[in-house]
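Quick notes on the structure that follows.
Residue numbers (UniProt numbering): 1 to 143.
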């Protein structure tokens, strides 16, 4: 009598199934990490714009607008983090101090980062859509 043989040999099936699911799983995990990092950077840009406007607004009276703008840009550079400054490629910082706004004037800060051309971490590709630009504006009344 011959030993019974299995007609349906399942050995290695788990390995094949895992290999089939590994690529979509890795795309999902890397997409979550990439998107989370981008959202964190977006929040940092928003906060940096507010810090720049605040720095220009609290600059002592009597200083020229160029000094207010320089202090705003310095505050933005300190606040944004991630190794990005206003001088970094892809980052555009605009500071305008308007003396006709409000009682003492207003400070406007706009930050624009070209995330499509200069992503902070490599993207997963076209599988995870990312924004092309991160743009934030902030304003503060000069006190």
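Each residue gets a CB set at the ideal place from its N, CA and C atoms; glycine is no exception.
Since the structure is predicted, the reported quantities are computational estimates derived from the model, not experimental observations.
Identity of the residues DSSP links to residue i by a beta bridge
i	result
residue 91	113
residue 108	96, 139
Cα-Cα separation, residue i to residue j
i	j	result
residue 85	residue 142	24 Å
residue 19	residue 123	22 Å
residue 130	residue 62	44 Å
residue 95	residue 45	14 Å
residue 133	residue 14	43 Å
residue 89	residue 78	17 Å
residue 83	residue 139	24 Å
residue 68	residue 98	11 Å
residue 108	residue 54	9 Å
residue 127	residue 115	16 Å
residue 47	residue 38	14 Å
residue 66	residue 100	16 Å
residue 119	residue 17	33 Å
residue 25	residue 80	32 Å
residue 104	residue 56	12 Å
N- and C-terminal bounds of the beta strand (DSSP E) containing residue i
i	result
residue 139	133 to 141
Endpoints, alpha helix (DSSP H) assigned at residue i
i	result
residue 80	65 to 80
residue 54	13 to 57
Exposed unless 16 or more other CB atoms sit within 10 angstroms - verdict on residue i
i	result
residue 59	buried
residue 76	buried
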